[in-house]
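K.L.:
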Amino acid sequence: MKNCKREARKQVRQEEHLDSQRFYNNMMNNPDSKTFHRLIRKNRAQSDNSATLMIKDTNGDDIVEQEKQTEIFAEFYETLATPATEEHFDSEYMEECEFRYNLINSIVHQSTINRNDITQFTEEEIKKAINELNTGKTEDGYSLTAEHFKYAGNTILPDIANLFNNIMLTGTIPDIFKTGILTPVHKKKKDPTLTTNYRGITVTSVLGKIFEYALLEKMPDLNANQTELQFGFTTGLSPIMAALIVSEGILHAKQQNKNLFLATLDSQKAFDVVHHMILLEKLYYEVPADVWKVIQNLYSNMSTEVKWNNHISKKFPIKQGVRQGGVLSTHFYKSYINELPIELEKRALGLSIGLEYCGSPLCADDIVLMSTDETEIQAMLDIAYKYSCEHRYNIHPQKSTLIKTERTKSKYQPEIIKLGNEAIQTDNQATHLGIIRASKNESRINIQEHISIARKTLYSLIPVGLNGKRGLNPKTAYKIYQAYVLPRLLYGLEILPLNLTQIGELRQFHIKTIRCFQSLPIRTSTAAVYMLIGALPIEAELHKRQLSLLYSILASENTKLRNLMERQLIVNSENPESFFPRVQEILQYYNLAPIHDLKDRLPTKLQWKKQINIAIADKWTSKLQTDMKEKSTLKFCNTTELKIHQTHPVWNSIPSVTYEVKKAQIKARLLTGTYLLECDMQKFKREQEIVHCTLCQLEIETLEHFLLKCPALHDKRKNIFPDLKEIIIQSAGDNKWNDTFKGNQSLIIQIIIDCTTVAKEMNFSPETTVQIENISRELCYGLHTNRILLQKKIKTV
1 MKNCKREARK QVRQEEHLDS QRFYNNMMNN PDSKTFHRLI RKNRAQSDNS ATLMIKDTNG
61 DDIVEQEKQT EIFAEFYETL ATPATEEHFD SEYMEECEFR YNLINSIVHQ STINRNDITQ
121 FTEEEIKKAI NELNTGKTED GYSLTAEHFK YAGNTILPDI ANLFNNIMLT GTIPDIFKTG
181 ILTPVHKKKK DPTLTTNYRG ITVTSVLGKI FEYALLEKMP DLNANQTELQ FGFTTGLSPI
241 MAALIVSEGI LHAKQQNKNL FLATLDSQKA FDVVHHMILL EKLYYEVPAD VWKVIQNLYS
301 NMSTEVKWNN HISKKFPIKQ GVRQGGVLST HFYKSYINEL PIELEKRALG LSIGLEYCGS
361 PLCADDIVLM STDETEIQAM LDIAYKYSCE HRYNIHPQKS TLIKTERTKS KYQPEIIKLG
421 NEAIQTDNQA THLGIIRASK NESRINIQEH ISIARKTLYS LIPVGLNGKR GLNPKTAYKI
481 YQAYVLPRLL YGLEILPLNL TQIGELRQFH IKTIRCFQSL PIRTSTAAVY MLIGALPIEA
541 ELHKRQLSLL YSILASENTK LRNLMERQLI VNSENPESFF PRVQEILQYY NLAPIHDLKD
601 RLPTKLQWKK QINIAIADKW TSKLQTDMKE KSTLKFCNTT ELKIHQTHPV WNSIPSVTYE
661 VKKAQIKARL LTGTYLLECD MQKFKREQEI VHCTLCQLEI ETLEHFLLKC PALHDKRKNI
721 FPDLKEIIIQ SAGDNKWNDT FKGNQSLIIQ IIIDCTTVAK EMNFSPETTV QIENISRELC
781 YGLHTNRILL QKKIKTV
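Under UniProt numbering, the sequence shown has 487 at position 487, and the numbering climbs by one with no breaks.
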């Protein structure tokens, strides 16, 4: 009985695996990215055990009942949404802020605004706001999605415009815009029994989002005074740019031979504890009065409810924090935190690279403080702590770390550096924006960590079919690898100075993975491994990311980045540790325009992407083709037709079934000269005595003997070879077969192993080439299986 159940489960798993394979391969021909990624996530996900999950209450007791768990989550998020008064919070600043807020509130509500001056929306602006919505998202509490509004056309625009204009006239927001449904989502690698380890994701009204998108366009001065060191949630900028400034700052301190103090500060529950009164006071100076009045109403009487395992909690009020899921929330938070880096820069506290201040780059709530002076870093921490006390948030004690890079020894005893009244946590390394910052060996540590993360990601994709011999078509597997593994492997490495050894470690992981997809042995030519599947080497993948980052910097209006680039290109023109000289060399390597030319004539993003893709593909195609031509094992491989981004017919012609992939793997080994025959074994053993074919004992087992001559394999050859001959005669004619192919053993072997050369010379159609590929694959696999079976019989005799 147990064996029957085991076999049944095995059969179900095999059928599921085959279904997945067919789907993935069909996706390559009929791409639908959303469905594609959804299915992969489904296959990667672990079983849902939330129904039996225990949650601990505030007393530490285990709670299993789902309704009670929902109540506990609601209590936790209600507490988080209620302003707390802590001893270190600055009450005097709060009183001053309250005075200013009351004054602003009085001015706004008592002043008479001309009806013609009140912000109004046109139907065209409403349509533009609707187009900003992201599709494929969860429906809101009223079962509405973005698709309802996008597909409704112009018929609903007058009604929505009328509603929004009435909101602006009355200054009152409908209650449905102020509420939402919050779902706790577990943070990875955290204890799932603790409510603090769940991030609340709120689904808000879709109509409310349309209103916020439309309102955003009416606030041109919002974030107009944003510091250029803020790289979070800003159009044209990215977190990797903040990390780039940190890397350049580390290099600058190294060049100056000075100690570097680098403090990473992380605000605890930053977006959830924004004080509404302080926020509204700051916004008054950035938005029109009527808009401010509407925002004030939007942030009054907010509420939400928790959804957990299909149970809904009672509604509770939201009294602090920017709105979860709100379009304007990130813009408001940037206004809330903006004065801190501005104050640090005004006081010139922190590291400057040349004349450019770079001491406090930040990405939303993640801020780095850099200085080469111990007293200065303490002053910066004091200002950051004072700002947190005034604005009533806490700096995360575990996620905030001080790293000290010592290059000069001081004769004085170093003082303890504090964050508030407590010594800040010091360490040799800390993670910031996904990149490990370390006092030494930073690049090596990041390489090891990224390879580890990529390997875990790869293992998690094994259920999807990325498992080599019994896996997907390598073409499909490589697409999934590009989408899921490569971004994790290379994230942030474009800004780090990597030496040849470190690039070699990345290359080893990359080539091993691609080789595994194709089930090729280690001795396979590296160039062939790349070219059969059309993959880029890891160096080229890094170059693509570096050139993309360069374009983003050139296209941005951030003067700090551009001034830093100008300075580094002049001062560090021959220093490969700086990003800008390094990327200048890359441009030269691919015969692309230098940076100063790009600044003057910057192409569009689409043009640049196309330009670098073509340049990189052509360069590496030429380089890898040259390498392949030098390999004797690849004499039957048509190297001239192989190109980057193009898959060889050996993989391109496979149907979506596992056994066809196995057949193609044997063909690929013959194609790359790694299929071991007796003549190859004799070379490895370095035996002087000639060893004949173990099946027929007539002559040495060479490739020609195996494919065309061995009498022991004649029956299999007789069943398949006539089909190959017929296809060629149909396309080339009887005369061509008799004059060119008949008796020409070398040409027939070429057709069996790689027909692309002959197909081009004979002007075979693509359909004929695929037919020849299919038949030759069947022939090679049939000869291989017969050979293995006969060898086993001989050994048992």
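Where a beta carbon is used, it is the ideal one built from N, C-alpha and C, also for glycine. Just so we're clear, the structure is a prediction, and the values are computed from it rather than from any experiment.
Does the stretch 295-306 come within contact of the stretch 425-435, defined as at least 3 CB pairs closer than 8 Å?
P.N.:
no
K.L.:
Taking the alpha carbon of residue 806 as the point to measure from, which residue in Leu280, Ala527 and Ser303 has its own alpha carbon closest?
P.N.:
The shown model of the chain, from 1 to 797, leaves out residue 806, and the question about it has no answer.
K.L.:
Confirm, please, whether the CB-CB distance from Val274 to Gly232 is below 8 Å.
P.N.:
no
K.L.:
When the distance is taken between beta carbons, is Lys404 closer than 8 Å to Ser360?
P.N.:
no
K.L.:
When the Cα of Thr202 is compared with those of Leu182, His596 and Cys363, which residue comes out closest?
P.N.:
Leu182
K.L.:
Decide yes or no for the touch test of the stretch 664-674 against the stretch 770-789: beta carbon pairs closer than 8 Å, at least 3 of them.
P.N.:
Touching, yes.
K.L.:
Would you check if the distance between the CB atom of Glu505 and the CB atom of Ile451 is smaller than 8 Å?
P.N.:
yes
K.L.:
Alpha carbon to alpha carbon, how far is Thr79 from Leu222?
P.N.:
The alpha-carbon separation between Thr79 and Leu222 amounts to approximately 30 Å.
K.L.:
Quick check: the Cα distance between Asp366 and Gln508, rounded to an integer number of angstroms?
P.N.:
34 Å
K.L.:
With a threshold of 8 Å on Cβ separation, who are the neighbours of Ala51 within its own chain once the five nearest residues in sequence on each side are excluded?
P.N.:
Below a pLDDT of 50, predicted positions are generally treated as unreliable, and Ala51, at 45, falls in that range; the measurement from the model is reported next regardless. Answer for Ala51: Gln66 and Asn309, listed in chain order.
K.L.:
Pull up the distance between the alpha-carbon of Tyr659 and that of Gly465, whole angstroms please.
P.N.:
14 Å
K.L.:
Closest by CA to Arg132, which one among Glu96, Met168, Leu215 and Glu87?
P.N.:
Sequence inspection shows Glu at residue 132; the Arg mentioned does not correspond to that position. The option with the nearest alpha carbon to Glu132 is Leu215.
K.L.:
Quick one: what does DSSP say Cys363 is sitting in, helix, strand or coil?
P.N.:
Strand.
K.L.:
Quick one: Cα of Leu251 to Cα of Tyr484, how far?
P.N.:
31 Å
K.L.:
Count the CB pairs spanning the stretch 562-572 and the stretch 348-356 that are closer than 8 Å, and state whether there are at least three.
P.N.:
Output reads yes: the stretch 348-356 touches the stretch 562-572.
K.L.:
Taking the C-alpha atoms as reference points, what is the distance between Lys307 and Lys315?
P.N.:
Approximately 11 Å, taken between the alpha carbons.
K.L.:
Quick one: Cα of Glu248 to Cα of Thr513, how far?
P.N.:
33 Å
K.L.:
Give me the Cα-Cα distance between Asp723 and Pro576, rounded to the nearest whole angstrom.
P.N.:
Cα-Cα distance, rounded: 58 Å.
K.L.:
Kindly indicate the opening and closing residues of the alpha helix (DSSP H) around His784.
P.N.:
Pro766 to Thr796
K.L.:
Is DSSP giving Asn49 helix, strand or coil here?
P.N.:
Because Asn49 carries a pLDDT of 43, less than 50, the predicted location of this residue cannot be relied on, and the following value inherits that uncertainty. Residue state, collapsed to three classes: coil.
K.L.:
For a test of the three-state rule: what should DSSP assign to Gln646, helix, strand or coil?
P.N.:
In the structure shown, Gln646 sits in coil (DSSP, three-state: anything other than H, G, I, E or B).
K.L.:
List the whole-angstrom C-beta distance separating Gln546 from Val583, where the pair is believed to meet the contact cut-off of C-beta under 8 Å.
P.N.:
5 Å
K.L.:
Which one of Leu498, Tyr491, Leu458 and Leu496 has the shortest CA to CA distance from Lys479?
P.N.:
Leu458
K.L.:
Compute the beta-carbon to beta-carbon distance between Ile173 and Val294, rounded to the nearest angstrom, for a pair I have assumed lies under 8 Å.
P.N.:
7 Å
K.L.:
Skipping 5 residues on each side, what residues in its chain have a beta carbon closer than 6 Å to that of Ala527?
P.N.:
Sequence-distant partners of Ala527 (beyond 5 residues in either direction) whose C-beta falls short of 6 Å from its own C-beta, in its chain, are Leu624, Asp627 and Met628.
K.L.:
Measure the alpha-carbon distance for Ala664 versus Gln771 and round it to whole angstroms.
P.N.:
14 Å
K.L.:
Cβ atoms of Phe706 and Leu779: under 8 Å apart, would you say?
P.N.:
Taking 8 Å as the Cβ cut-off, Leu779 and Phe706 do not qualify as a contacting pair.
K.L.:
Where Thr204 and Thr145 are concerned, what is the direct C-alpha to C-alpha distance, given to the nearest angstrom?
P.N.:
10 Å
K.L.:
Does the count of Cβ pairs from the stretch 52-64 and the stretch 339-354 closer than 8 Å reach three?
P.N.:
no
K.L.:
DSSP state of Asp140, grouped into three classes?
P.N.:
coil
K.L.:
Could you please give the first and the last residue of the uninterrupted alpha helix (DSSP H) stretch that includes Val306?
P.N.:
No alpha helix (DSSP H) holds Val306; the beta strand (DSSP E) holding it covers Met302 to Trp308.
K.L.:
How would you call Ser267, buried or exposed, if buried means at least 16 neighbouring beta carbons within 10 angstroms?
P.N.:
Around the Cβ of Ser267, a 10 Å sphere holds 16 or more other Cβ atoms; the residue is buried.
K.L.:
Is Glu761 helix, strand or coil by DSSP?
P.N.:
Glu761: helix per DSSP, three-state reduction.
K.L.:
Okay, do the stretch 632-649 and the stretch 752-760 touch, 3+ Cβ pairs below 8 Å being the bar?
P.N.:
yes
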